[in-house]
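Using the working numbering, the first residue of the sequence shown is number 482, and each one after it goes up by one. Ideal Cβ placement from N, Cα and C applies to all residues, glycine included. Right, one structure below, let's go through it.
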Amino acid sequence: MKISDRLTGFVLLLFATAILVEASRFPLIPGLSIGSGLLPMIVASGLILCSLVLIVKDMIARPRPKLAEPGDWISDHRRLIRVAIVLLGTASFIPLLDVIGFPVLSIAMLLAFLLSLRVDVMTSVLVSVTASLAIHTLFSKVFLVPLPWGILQSVAW
Numbered sequence: 482m483k484i485s486d487r488l489t490g491f492v493l494l495l496f497a498t499a500i501l502v503e504a505s506r507f508p509l510i511p512g513l514s515i516g517s518g519l520l521p522m523i524v525a526s527g528l529i530l531c532s533l534v535l536i537v538k539d540m541i542a543r544p545r546p547k548l549a550e551p552g553d554w555i556s557d558h559r560r561l562i563r564v565a566i567v568l569l570g571t572a573s574f575i576p577l578l579d580v581i582g583f584p585v586l587s588i589a590m591l592l593a594f595l596l597s598l599r600v601d602v603m604t605s606v607l608v609s610v611t612a613s614l615a616i617h618t619l620f621s622k623v624f625l626v627p628l629p630w631g632i633l634q635s636v637a638w
């Protein structure tokens, strides 16, 4: 299915605006003129800019586009399964995060995503473990944002 860039840009614009508004309400860090909302506000501003580019480019290319057109991939069962894996993984991430914990859940999800894309097993395991631990370390040590350990709480660093 081909979804119009205008529609995608509009949805992205709404999402980014909501993030920007919510992040502007984050408290300031004591002793500093910036707060914990700075990074989300920078990311949201970038998303707003990208969404506007999508909308304008689509308006120039096609003044009256269809919002969505079914594509050839819709009849391919393997591709539908891949889409289902991504949607299921994304929808289940937040509810399972506190219970299972970020390290285990992110490794499992990345592994499922990569294997569904037919990436080599060894490469999938290596990328999943490395990326998950790097992200967890970055957030906990650099950004000082603790991510839930879940079932690995006893070995938390």
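Cβ-Cβ separation, residue j to residue i (assumed contact under 8 Å), whole Å
i	j	result
F583	I566	No, F583 and I566 are not in contact; Cβ-Cβ is about 19 Å, not under 8 Å.
L494	I529	6 Å
F620	L628	5 Å
CA-to-CA distance, residue j to residue i, given in whole angstroms
i	j	result
D579	F491	32 Å
S526	I500	9 Å
C531	V623	27 Å
S597	I616	22 Å
A497	L533	11 Å
V600	I562	15 Å
I510	S605	39 Å
P544	V537	10 Å
P576	V502	24 Å
K547	L488	10 Å
I484	F574	25 Å
D557	M603	27 Å
V524	T618	20 Å
G512	I541	47 Å
6 Å CB neighbourhood of residue i in its chain, flanking five on each side removed
i	result
W630	G582, A637
S609	I588, L591, L592
D486	L535, D539
S635	none
Other residues of its chain near residue i: CB distance less than 8 Å, five sequence neighbours each side excluded
i	result
L633	G582, P584, V585
F507	G516, S517, G518, P521
V564	none
L607	none
Residue i beta carbon near the ligand FMN (any heavy atom closer than 8 Å)
i	result
L548	This structure simply doesn't include the ligand FMN, nor any ligand for that matter.
Cut-off 7 Å between Cβ atoms - residues of its own chain near residue i, not counting five sequence neighbours on either side
i	result
S505	G518, M522
V626	F620
A612	L591
Do the region 509-525 and the region 560-577 touch if we need at least three Cβ pairs shorter than 8 Å? The region 509-525 vs the region 560-577: no contact.
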